[in-house]
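If you read the protein sequences in the order shown, they are chains L and H. Offset between the first sequence (1-based) and my numbering: plus 270. Offset between the second sequence (1-based) and my numbering: plus 225. We put the CB at the ideal spot given by N, CA and C, even for glycine. Remember, it's a predicted structure, so these values are computed and weren't measured experimentally. Down below is the structure, laid out as structure tokens.
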Amino acid sequence: MQAFLDQLWIARWPLWDGLQLTVGISAGAILFGTLLGLLVGIQLAYAPWWLRLPFRLYVDIMRGTPVLVLILAAFYIPSVVGLSLGPTEAGTLALTLFAGAHIGELLRGSLQAIPPGQAEAGRSIGLTFPQLLAYVLLPQAARSALPPWINTGVELIKGSSLLSIIGVGELLLRTQEVIGRTFMTIQFYVFAGIVYLVEKRQPLLAIRGLTKQFGATEVLKGVDLSLDQGDVVSIIGSSGSGKTTLLRCVNLLEEYQGGDIVLDGETIGYRATNGRRHRLGDRELSRQRAMTGMVFQSFNLFPHLSAAGNVMLGLRKVLRLPKAEARAIAEKWLARVGLAARADHYPSQLSGGQQQRVAIARALAMNPKLVLLDEVTSALDPELVQEVLNTVKGIAEDGATLLIVTHEMRFARDVSDRVVFMEQGRIHEEGPAAEIFGNPKSARLAEFLRNTRH
Amino acid sequence: MEYSLHFGAVWASFDRLLSGLAIGLALAVVAVAIGTLLGLLAAFAAVSPYRPLRSLAGLYVSLIRNLPLLVLVLLAYFALPQVGIALDKYQSFAGALALYSGAYLTEVFRAGLVSVPKGVIEAARSIGLTKLQTNVSVVAPIMLRNALPSLGNTFIGMFKDSSIAAAIAVPELTFEARKINVDTFRVIETWMVASGLYIAACVVIAALLRGLERRFPKF
Numbered sequence: 271m272q273a274f275l276d277q278l279w280i281a282r283w284p285l286w287d288g289l290q291l292t293v294g295i296s297a298g299a300i301l302f303g304t305l306l307g308l309l310v311g312i313q314l315a316y317a318p319w320w321l322r323l324p325f326r327l328y329v330d331i332m333r334g335t336p337v338l339v340l341i342l343a344a345f346y347i348p349s350v351v352g353l354s355l356g357p358t359e360a361g362t363l364a365l366t367l368f369a370g371a372h373i374g375e376l377l378r379g380s381l382q383a384i385p386p387g388q389a390e391a392g393r394s395i396g397l398t399f400p401q402l403l404a405y406v407l408l409p410q411a412a413r414s415a416l417p418p419w420i421n422t423g424v425e426l427i428k429g430s431s432l433l434s435i436i437g438v439g440e441l442l443l444r445t446q447e448v449i450g451r452t453f454m455t456i457q458f459y460v461f462a463g464i465v466y467l468v469e470k471r472q473p474l475l476a477i478r479g480l481t482k483q484f485g486a487t488e489v490l491k492g493v494d495l496s497l498d499q500g501d502v503v504s505i506i507g508s509s510g511s512g513k514t515t516l517l518r519c520v521n522l523l524e525e526y527q528g529g530d531i532v533l534d535g536e537t538i539g540y541r542a543t544n545g546r547r548h549r550l551g552d553r554e555l556s557r558q559r560a561m562t563g564m565v566f567q568s569f570n571l572f573p574h575l576s577a578a579g580n581v582m583l584g585l586r587k588v589l590r591l592p593k594a595e596a597r598a599i600a601e602k603w604l605a606r607v608g609l610a611a612r613a614d615h616y617p618s619q620l621s622g623g624q625q626q627r628v629a630i631a632r633a634l635a636m637n638p639k640l641v642l643l644d645e646v647t648s649a650l651d652p653e654l655v656q657e658v659l660n661t662v663k664g665i666a667e668d669g670a671t672l673l674i675v676t677h678e679m680r681f682a683r684d685v686s687d688r689v690v691f692m693e694q695g696r697i698h699e700e701g702p703a704a705e706i707f708g709n710p711k712s713a714r715l716a717e718f719l720r721n722t723r724h
Numbered sequence: 226m227e228y229s230l231h232f233g234a235v236w237a238s239f240d241r242l243l244s245g246l247a248i249g250l251a252l253a254v255v256a257v258a259i260g261t262l263l264g265l266l267a268a269f270a271a272v273s274p275y276r277p278l279r280s281l282a283g284l285y286v287s288l289i290r291n292l293p294l295l296v297l298v299l300l301a302y303f304a305l306p307q308v309g310i311a312l313d314k315y316q317s318f319a320g321a322l323a324l325y326s327g328a329y330l331t332e333v334f335r336a337g338l339v340s341v342p343k344g345v346i347e348a349a350r351s352i353g354l355t356k357l358q359t360n361v362s363v364v365a366p367i368m369l370r371n372a373l374p375s376l377g378n379t380f381i382g383m384f385k386d387s388s389i390a391a392a393i394a395v396p397e398l399t400f401e402a403r404k405i406n407v408d409t410f411r412v413i414e415t416w417m418v419a420s421g422l423y424i425a426a427c428v429v430i431a432a433l434l435r436g437l438e439r440r441f442p443k444f
């Protein structure tokens, strides 16, 4: 580490120059790209079709071309026609064209989402079209276009790393030069990686087009769902709607016929070779299952092991921790669910609520990326429900990512960021908890909620 | 008919009866140990999703359970040497009893396996245990506990069956008793003492197994 810091110090000026150039090019591209995008977006939204056509063509070409190809084109094509652009100018040009198309397209979307009454109201008080744009339409569009606009900026900063290929002395090229001198490959790439890391948001769990049949019955008919790190999502719906099956597919306890489940960037359960799907082998499935934790409706504690033994089994056999360490982790989690004093009790000596809390500790002790809870209170006596729900609420507040199937509507409303209503193997409605319960959009959901309220 | 009991001649040979009892116990222990392994393998095969394995286990159980133990013992001792496998009388008897007890234990274990809740197996899989780890660390212990009572019956039965070793002149309890009987003509006394020893041994085995059941309470 000290050696790395020394080398970093020696290389600080070239790296600093590289960083400045990266930021400079990106900022230029964002500025020019936004101006270009403003023009493009307004044309796409309001121009007659013959004027719209060239802009549409430009956007589609830019959005369909890899950034690297754009950069190479901007560098080499001008020189063919006798125009000579330096690498920095060519790079800025390429990124500007790229940004212009993206920003134009998202501005068009935002402009068209403004209710037509706004424009009519503006005209009715006598505003000219430029005035209407400047004072009524663009400010409204800017609000909804701002978050994706920031994303585009982030893409540009990362895209600027590609400029090293045409010899722009930006951060990546400077880093490569330093590595060439010091051979400290990993350290400097990690350093460059951290500098580039402007939060790359990819969902923790992405379910795409999931289908499943039991024999002739279609249980899941194309489910799409995605969860980010820290999300708490509840799935509600009548029995037979496929919610438990969905959960079991994510934990790889069920096979499914179509679609993908991607967990933290890794497609789980199946491998595609030559276009055919193959179920992964036992060892791979086990490794992937350990990335998710599952809490079952019927607890499913190991009856021959004590509470601590239940929590320790996975730690010992899957994570291969030494016994003392596993025991310490087990005790920590049992304390977290309020059962420190019951560590050596056997499941048959515990109440249902206590058993379920041990099961929660067992799932969480494996440090899973995602915890699946399958109707965890359905098998409990009414007076024991609350202690389990409080435990779940506690781990949600700790920041765990939870996917919950539940019949407890109050609980779903309290604990969830988002609620998904499933009906006949499909996601029927999805939204923030307050929206789903307070303002259901579909008649089916409204009816379901009426029937479940006692 | 007058018959006065005289145990003196039997007591004089009591050490031979005791050594016979020891040999019978030893044979039973070895046979049941091997039989338990066979039974475990066959029981897991019997519930496996692969048809060939299931058929193999089914064939083993129905073949062996429908043969008298004596026939198996005679086959092992007299028929195997004909095909070039020469076993002494201890080996052939222990082998035959192992095969025989394995078939019975297969059924005991199979019933125990079916009684392991499916959800518990899923829970083990969900924390990332492989199939083998699940079977060893979760399924087998639960199954063994569930099978313990019928396991005890089978063990006692196997110990009593060790008396059949007398048929191939293994010097176990029954064989020794018969010899003493012939030598002394104290028929009733000899068989009373031999029976007493069998009963005592079985009572001790049963007590040990009940102790095990208490040590591991039912879930």
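For the putative contact between residue i and residue j, defined by C-beta atoms under 8 angstroms, what is the C-beta separation to the nearest angstrom?
{"i": "residue 490 of chain L", "j": "residue 673 of chain L", "result": "Going by Cβ atoms, the distance from residue 490 of chain L to residue 673 of chain L rounds to 15 angstroms, so no, they are not a contact pair."}
{"i": "residue 229 of chain L", "j": "residue 549 of chain L", "result": "The question about residue 229 of chain L has no answer, for chain L in this structure spans 271 to 724."}
{"i": "residue 392 of chain H", "j": "residue 323 of chain H", "result": "Between residue 323 of chain H and residue 392 of chain H the Cβ distance is about 17 angstroms, and since that is not below 8 angstroms, they are no contact."}
{"i": "residue 292 of chain L", "j": "residue 430 of chain L", "result": "5 angstroms"}
{"i": "residue 567 of chain L", "j": "residue 646 of chain L", "result": "7 angstroms"}
{"i": "residue 722 of chain L", "j": "residue 679 of chain L", "result": "6 angstroms"}
{"i": "residue 603 of chain L", "j": "residue 634 of chain L", "result": "6 angstroms"}
{"i": "residue 591 of chain L", "j": "residue 583 of chain L", "result": "Incorrect: roughly 11 angstroms between the Cβ atoms, too far for contact."}
{"i": "residue 718 of chain L", "j": "residue 508 of chain L", "result": "6 angstroms"}
{"i": "residue 335 of chain H", "j": "residue 271 of chain H", "result": "5 angstroms"}
{"i": "residue 402 of chain L", "j": "residue 392 of chain L", "result": "4 angstroms"}
Beta-carbon separation of residue i and residue j under 9 angstroms?
{"i": "residue 422 of chain L", "j": "residue 300 of chain L", "result": "yes"}
{"i": "residue 477 of chain L", "j": "residue 420 of chain L", "result": "no"}
{"i": "residue 372 of chain H", "j": "residue 337 of chain H", "result": "yes"}
{"i": "residue 661 of chain L", "j": "residue 579 of chain L", "result": "no"}
{"i": "residue 389 of chain L", "j": "residue 411 of chain L", "result": "no"}
{"i": "residue 559 of chain L", "j": "residue 346 of chain H", "result": "no"}
{"i": "residue 252 of chain H", "j": "residue 432 of chain H", "result": "no"}
{"i": "residue 365 of chain L", "j": "residue 337 of chain L", "result": "yes"}
{"i": "residue 520 of chain L", "j": "residue 643 of chain L", "result": "no"}
{"i": "residue 485 of chain L", "j": "residue 528 of chain L", "result": "no"}
{"i": "residue 733 of chain L", "j": "residue 317 of chain L", "result": "The first residue shown for chain L is 271 and the last is 724, placing residue 733 of chain L beyond what the model contains."}
{"i": "residue 329 of chain L", "j": "residue 517 of chain L", "result": "no"}
{"i": "residue 534 of chain L", "j": "residue 576 of chain L", "result": "no"}
{"i": "residue 268 of chain H", "j": "residue 333 of chain H", "result": "yes"}
{"i": "residue 482 of chain L", "j": "residue 515 of chain L", "result": "yes"}
{"i": "residue 313 of chain L", "j": "residue 305 of chain L", "result": "no"}
{"i": "residue 618 of chain L", "j": "residue 374 of chain H", "result": "no"}
{"i": "residue 307 of chain L", "j": "residue 404 of chain L", "result": "no"}
{"i": "residue 564 of chain L", "j": "residue 348 of chain H", "result": "yes"}
{"i": "residue 418 of chain H", "j": "residue 254 of chain H", "result": "no"}
{"i": "residue 422 of chain H", "j": "residue 437 of chain H", "result": "no"}
Within the present structure, is the beta-carbon of residue i separated from the nearest heavy atom of the ligand MG by less than 8 angstroms?
{"i": "residue 415 of chain L", "result": "As presented, the structure is devoid of all ligands, the ligand MG included, so that no description of it is given."}
Closer than 8 angstroms is the cut-off here; do at least three beta carbon pairs connect the segment 504 to 516 of chain L with the segment 680 to 688 of chain L? yes
Entirely enclosed alpha helix (DSSP H) segments - the segment 637 to 698 of chain L, minimum 4 residues: 652 to 667, 679 to 685
Within 8 angstroms, do at least three Cβ pairs link the segment 381 to 389 of chain H to the segment 415 to 427 of chain H? yes
Which ranges does the beta strand (DSSP E) cover as unbroken runs of at least 3 residues, wholly within the segment 529 to 604 of chain L, from first to last along the chain? 540 to 543, 546 to 549, 562 to 565
Could you tell me whether the segment 278 to 293 of chain H touches the segment 393 to 403 of chain H, where touching means 3 or more Cβ pairs closer than 8 angstroms? no
Cβ contact (3+ pairs, closer than 8 angstroms) linking the segment 557 to 574 of chain L and the segment 360 to 376 of chain H: yes
Please list, in chain order, the residues of the segment 573 to 590 of chain L that have any C-beta partner in chain H closer than 7 angstroms. 573, 574, 583, 584, 587, 588
4 or more residues per run - each alpha helix (DSSP H) lying fully within the segment 285 to 351 of chain L: 319 to 333, 337 to 350
Spell out a yes or no on whether the segment 227 to 247 of chain H and the segment 315 to 330 of chain H are touching, meaning 3 or more CB-CB pairs, one atom from each, closer than 8 angstroms. no
Three or more C-beta pairs under 8 angstroms: does that hold for the segment 280 to 288 of chain L against the segment 337 to 346 of chain L? no
Along the segment 508 to 536 of chain L, what residues have a CB closer than 7 angstroms to any CB found in chain H? 521, 523
Residues in the segment 365 to 382 of chain H having any Cβ partner in chain L nearer than 8 angstroms: 366, 367, 370
Select from the segment 344 to 356 of chain H all residues with a C-beta closer than 9 angstroms to any C-beta belonging to chain C, and list them in chain order. Reference to chain C is not applicable here, since the protein chains of this structure are L and H.
Let me know the alpha helix (DSSP H) ranges lying completely inside the segment 308 to 367 of chain H, each 4 residues or longer, listed in chain order. 314 to 339, 343 to 351, 356 to 359
Could you name the residues of the segment 597 to 622 of chain L whose beta carbon sits closer than 8 angstroms to any beta carbon of chain H, in the order they occur along the chain? 616, 617, 618
Give the residues from the segment 324 to 337 of chain L that approach chain H closer than 8 angstroms (Cβ to any Cβ), ordered along the chain. none
When you check each C-beta in the segment 309 to 342 of chain H against every C-beta of chain L, which residues fall closer than 8 angstroms? 342
Could you tell me which uninterrupted beta strand (DSSP E) segments, each at least 3 residues in length, are contained entirely in the segment 393 to 441 of chain H, listed from first to last along the chain? none
What residues in the segment 271 to 297 of chain H bring their beta carbon closer than 8 angstroms to a beta carbon of chain L? none
Members of the segment 545 to 563 of chain L near chain H, C-beta cut-off 9 angstroms: 552, 553, 555, 556, 557, 558, 559, 560, 561, 562, 563
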